[in-house]
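Below you'll find the structure, written out as structure tokens, and then a few comments.
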Amino acid sequence: MKKKGAEIVWECLVREGVEVVFGYPGGANMPIYDAMLNYPVHHVLVRHEQGGAHMADGYARASGKVGVAMATSGPGATNLVTGIATAMMDSVPVVFITGQVAAHLIGGDAFQETDVTGITLPITKHNYLVTRADEIAETLREAFYIARSGRPGPVLVDICKNAQVESCEFVYPDEPKLPGYQPVTRSPKALLDDAVALIEQAHKPVILCGHGVLMSHAEEALMQFAVKTQTPVASTLLGLGAFPASHPLSLGMMGMHGEAYANLAIQNSDLILAFGMRFDDRVTGTLKTYAPKAKKIHIEIDPSEIHKNVFVDVPLVGDVNTVVSDLIPLVDEYDHDDWLQEIQGWKNETDSRDIMNWEEDGKLYVAHLIADIWKATGGNAIVTTDVGQHQMWTAQYYQMEKPNRWLTSGGAGTMGFGLPSAIGAWFAAKDQEIWAIAGDGGFQMTAAELTTAVQEGANVKVAIMNNNFLGMVRQWQEFFFEKRYSAVNMLTPDFVKLADAHGVPARRVTKREEVEEAIEWARKTQGPVVLEFRVEQEDAVYPMVPAGAALHEMIRRPVKLAK
Amino acid sequence: MNYTFIALVENKPGVLNRVASLFRRRNFNIESLAVGRTENPDVSRMTIVVDCPNGDVDAHRIEANLYKLVNVIDVQDVTHQPSVTRDLALIKVKVGPERRAEVNGLAEIFRARIVDVAADSVIVEVTGTEDKIEGMIELLRPIGIVEMVRTGQVSMTRGVNEGVRRMPGMSDRHYDDISVAAMVP
Ligand SMILES: Cc1ncc(C[n+]2csc(CCOP(=O)(O)OP(=O)(O)O)c2C)c(N)n1
Ligand SMILES: [Mg+2]
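Sequence order for the protein chains is V and U.
Using our numbering, read the first sequence as starting at 86 and increasing by one per residue.
Using our numbering, read the second sequence as starting at 99 and increasing by one per residue.
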């Protein structure tokens, strides 16, 4: 059947199971928006394309499906860039569809022409420029396949206006034709045997659980493996939730703001089992002294991660779930009691410094508030964050028991991610409680999406942790720049009035005794809600591994303050 | 040291840009890159010479990163394989009739050819390995080189020899087929 290019776009999206698209119209994608009216896909009109990109990202992270965002050419497409880079750094499957000027105008600096495939080349898994209608179906088929397979990631399809209005025969290809794209899933037996030999010799093993565990749905396999071999599990920021925080083998988060005992376990271990993680500098500290006594086994779907930051003894390239499942029957049962005892000792020492054990002093500490929200929500909410101190406290104190509920910008560290990703997540899980933990700085970057939340009735609760500072930068200035505060003291608007102007119910919380009631009020109130917490201004996130220091060289919360 | 890779890529617009951009982004130094069509119209072939200060570890990274490009079909490292390697140079030498014979003589020693003669210059065409071309250039320099162009190196393994493949590439290749030794540099 003959169809217009713009119709083919929607035919493809429907066939890919797309239910919702986050976008913004303009000259170069008007035919796509016109055709949209005839298709059963819900479109969310965002307030800024960056917000749309983060919504598609949040939707993808919460649902496990491919997210879709749209924008027009030129400024519409360039506004997506931060969101595309965010999805790229965290391997999130999102298909971005941008309008482009007509093919015959390309290269002529036409109105709103920007070389979008050029700009996004290094921040997409792959991208396409489509100049003819008959290329659209094949291209979108490939785009969705590439986005979700192998190591997932964003794919951008830039469609020229003429391709949207021209007609051609529509056939949706069964199989994408990609001779050069063959993601590996299984590791060879010989290498599995090498890994088993190392596991047999180990007395102090640690599993490092990364985002790859979640992306390959390896939670079950991880649990089996960890329990069978009695190996403790430390998580990266993005791996949180893959292994239940309350499990006795859980070490919580590792790295720059990880648990001290997790970092000490890594530094003292004799075998590192890295599951779907990439030894980012935020989790290793300086590489010179990283896990110096440990042999290393690296299970990773992307071969280019092997030996990239840390040289490993046994690389197991493949899908984490497949490889770990292949390993389980090959390994014996162990107990590692001495090792777990040793870690418990570090854990006890850490407890004495924990802000949770402080005497109440009437002030609002973010860590306490996160614990309060955790308690109120039974630890079951989907939680998103911006980037900064509040993000780290949320990672530390919102104890994640279940997968795909922890949405944060890790690799890119994108401020402004919290609110839009929460809105996106709501479209994936409308029956779940969703909290966006925002910084006063980060919230202001994408605050315009509050109206989007109202228009869509998105039931998201925004908790702004207002310390009147770009807190994380302030903390670095305090620790490493002799407290010379430079451009971190931020005037904030009246967040309650701001929310009010958007038609969003809001409350400000300044006292300890108001906290519980405010959280309950937010939970009971249908639709978007804003809570502004006036928190302690100059609190710091501990422990902290200074950039470039060894993983065990942590700045700790002063012990004298504990009760 | 310099490593030589042969990459088969889909013959599509922008693929050269993707490859070049990858090397820049990942901080690898390209010594030369030659690209052209092959016996298959859908496939182009690149010979890429890259400086690999960390030896095989770098070679592994380069191959793995090339495969991240969706349009890259196959990559082999032919650095240590018996292969035929050629570079072609056109060298314009400023020379009047009085010293033409001298240039001609040098060219003959290198099995090079004079392919153009003008009143006060000639163009010498020389093919061969890097070393040979460098040698020719050294000898012509004192006479006066006014212009030079080189194609960059192209390589092909001899007989049934194949390069090292550290990655699964073509559809029928999987990690199981690749020697463990190749993967662990
Ligand atoms: C878009 C962007 N710009 C700048 C930064 C650098 N940065 C990292 S954390 C931070 C402070 C964030 O302040 P706020 O949102 O108030 O959170 P807090 O640290 O106070 O909890 C900044 C500026 C960033 N991560 N992202
Ligand atoms: Mg702040």
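Note that the Cβ used here is the ideal one computed from N, Cα and C, for glycine as well.
Status (buried if at least 16 other CB within 10 Å, exposed otherwise) for residue i
i, result
"residue 651 of chain V", "The shown model of chain V, from 86 to 648, leaves out residue 651 of chain V, and the question about it has no answer."
"residue 567 of chain V", "exposed"
"residue 49 of chain U", "Because residue 49 of chain U is not part of the residues shown, which for chain U are 99 to 283, the question remains open."
"residue 598 of chain V", "exposed"
"residue 348 of chain V", "buried"
"residue 102 of chain V", "exposed"
"residue 157 of chain U", "buried"
"residue 288 of chain V", "exposed"
"residue 328 of chain V", "buried"
"residue 337 of chain V", "buried"
"residue 178 of chain V", "buried"
"residue 381 of chain V", "buried"
"residue 159 of chain V", "buried"
"residue 595 of chain V", "exposed"
"residue 130 of chain V", "exposed"
"residue 392 of chain V", "buried"
"residue 154 of chain V", "buried"
"residue 579 of chain V", "exposed"
"residue 86 of chain V", "exposed"
"residue 565 of chain V", "exposed"
"residue 236 of chain U", "exposed"
"residue 267 of chain U", "Interpretation of residue 267 of chain U is limited by its pLDDT of 47, a score under 50 that renders its predicted location unreliable; the figure taken from the coordinates is listed afterwards. It is buried - the Cβ of residue 267 of chain U has at least 16 other Cβ atoms within 10 Å."
"residue 238 of chain U", "buried"
"residue 277 of chain V", "buried"
"residue 207 of chain U", "exposed"
"residue 244 of chain U", "exposed"
"residue 609 of chain V", "exposed"
Nearest-angstrom beta carbon gap, residue j and residue i [assumed within contact, 8 Å]
i, j, result
"residue 163 of chain V", "residue 199 of chain V", "6 Å"
"residue 201 of chain U", "residue 222 of chain U", "7 Å"
"residue 169 of chain U", "residue 108 of chain U", "4 Å"
"residue 408 of chain V", "residue 272 of chain V", "5 Å"
"residue 105 of chain V", "residue 127 of chain V", "5 Å"
"residue 141 of chain U", "residue 167 of chain U", "About 14 Å separates the two Cβ atoms, so there is no contact after all."
"residue 495 of chain V", "residue 322 of chain V", "5 Å"
"residue 55 of chain U", "residue 263 of chain U", "A query on residue 55 of chain U cannot be resolved here, the shown segment of chain U reaching from 99 to 283 and no further."
"residue 155 of chain U", "residue 261 of chain U", "Contact flag wrong, Cβ pair sits at about 17 Å."
"residue 142 of chain V", "residue 509 of chain V", "6 Å"
"residue 243 of chain V", "residue 183 of chain V", "5 Å"
"residue 210 of chain V", "residue 238 of chain V", "3 Å"
"residue 354 of chain V", "residue 330 of chain V", "In fact, because the Cβ distance is near 20 Å, the residues do not count as touching under 8 Å."
"residue 521 of chain V", "residue 507 of chain V", "4 Å"
Quiz item: Where are the beta strand (DSSP E) runs, 3 residues long or more, that stay fully inside the segment 178-212 of chain U, in chain order?
Solution: Runs found: 181-192.
Self-check item: Any 3 or more C-beta pairs closer than 8 Å across the segment 251-264 of chain V and the segment 219-235 of chain V
Solution: yes
Quiz item: Are three or more beta carbon pairs between the segment 285-303 of chain V and the segment 354-363 of chain V nearer than 8 Å?
Solution: yes
Quiz item: Is it true that the segment 147-166 of chain U meets the segment 190-198 of chain U, where meeting means three or more beta-carbon pairs spaced less than 8 Å apart?
Solution: no
Self-check item: Interface positions of the segment 237-266 of chain V facing chain U (Cβ-Cβ less than 7 Å), listed along the chain
Solution: Those would be 263, 264, 265, 266, in chain order.
Exercise. Would you check if the segment 254-269 of chain V and the segment 192-208 of chain V touch, i.e. whether three or more CB-CB distances between them fall below 8 Å?
Key: Per the Cβ contact rule, the segment 192-208 of chain V is not in contact with the segment 254-269 of chain V (fewer than 3 Cβ pairs under 8 Å).
Quiz item: Taking Cβ-Cβ distances below 8 Å as the criterion, which residues of the segment 421-435 of chain V are in contact with chain U?
Solution: none
Quiz item: What runs of the beta strand (DSSP E), each 3 residues or longer, lie entirely inside the segment 93-163 of chain V?
Solution: 105-108, 127-130, 152-156
Quiz prompt | Contact between the segment 602-617 of chain V and the segment 526-546 of chain V (3+ Cβ pairs under 8 Å) | solution = yes
Quiz item: If you pair each beta-carbon of the segment 615-628 of chain V with each one of the segment 548-567 of chain V, do three or more pairs fall below 8 Å?
Solution: yes
Self-check item: Residues of the segment 133-147 of chain U with Cβ closer than 8 Å to any Cβ of chain V, in chain order
Solution: none
Practice problem: Could you run through the segment 376-393 of chain V and flag, in chain order, every residue whose CB is less than 9 Å away from some CB of chain U? | Solution: For the segment 376-393 of chain V, which is checked against every Cβ of chain U, the residues closer than 9 Å are 387, 388, 389, 390, 391, 392, 393.
Quiz item: Looking at chain U, which residues of the segment 283-297 of chain V have a Cβ within less than 7 Å of any of its Cβ atoms?
Solution: The residues in question: there are none.
Quiz prompt | Stretch pair the segment 247-254 of chain U + the segment 130-140 of chain U: three plus CB contacts closer than 8 Å | solution = yes
Quiz item: What residues in the segment 203-215 of chain V have a beta carbon less than 7 Å from any beta carbon of chain U?
Solution: 206, 207, 211
Quiz item: Where in the segment 272-358 of chain V do unbroken runs of the alpha helix (DSSP H), each at least 4 residues long, occur, reported from the N-terminal end onward?
Solution: 274-286, 296-300, 304-314, 345-353
Self-check item: Where the segment 486-519 of chain V meets chain U: residues whose CB sits under 8 Å from a CB there
Solution: none
Self-check item: Every unbroken beta strand (DSSP E) within the segment 576-633 of chain V, with a cutoff of 3 residues, ordered by chain
Solution: 591-594, 614-619
Quiz item: Taking three-plus beta-carbon pairs below 8 Å as touching, is the segment 301-318 of chain V in contact with the segment 366-373 of chain V?
Solution: no
Exercise. Report yes or no: do three or more beta-carbon pairs, one from the segment 573-590 of chain V and one from the segment 526-542 of chain V, lie closer than 8 Å?
Key: yes
Quiz item: What residues in the segment 181-195 of chain V have a beta carbon less than 9 Å from any beta carbon of chain U?
Solution: none
Self-check item: Secondary structure, beta strand (DSSP E): runs of 3+ residues fully inside the segment 202-263 of chain V
Solution: Taken in chain order, the complete beta strand (DSSP E) segments of 3 or more residues contained in the segment 202-263 of chain V are 211-215, 240-245, 252-254.
Practice problem: Would you list, in chain order, the members of the segment 328-357 of chain V that have their beta-carbon closer than 8 Å to a beta-carbon of chain U? | Solution: none
Quiz item: Going along the chain, which unbroken runs of the beta strand (DSSP E) with 3 or more residues stay wholly within the segment 355-400 of chain V?
Solution: 356-360, 380-385
Self-check item: Three CB pairs or more closer than 8 Å across the segment 628-644 of chain V and the segment 118-129 of chain U
Solution: no
Quiz prompt | Residues, ordered as in the chain, of the segment 161-173 of chain V that lie near chain U by beta-carbon distance below 9 Å | solution = Result list empty, no residue passes.
Exercise. Give the residues from the segment 217-236 of chain V that approach chain U closer than 7 Å (Cβ to any Cβ), ordered along the chain.
Key: 231
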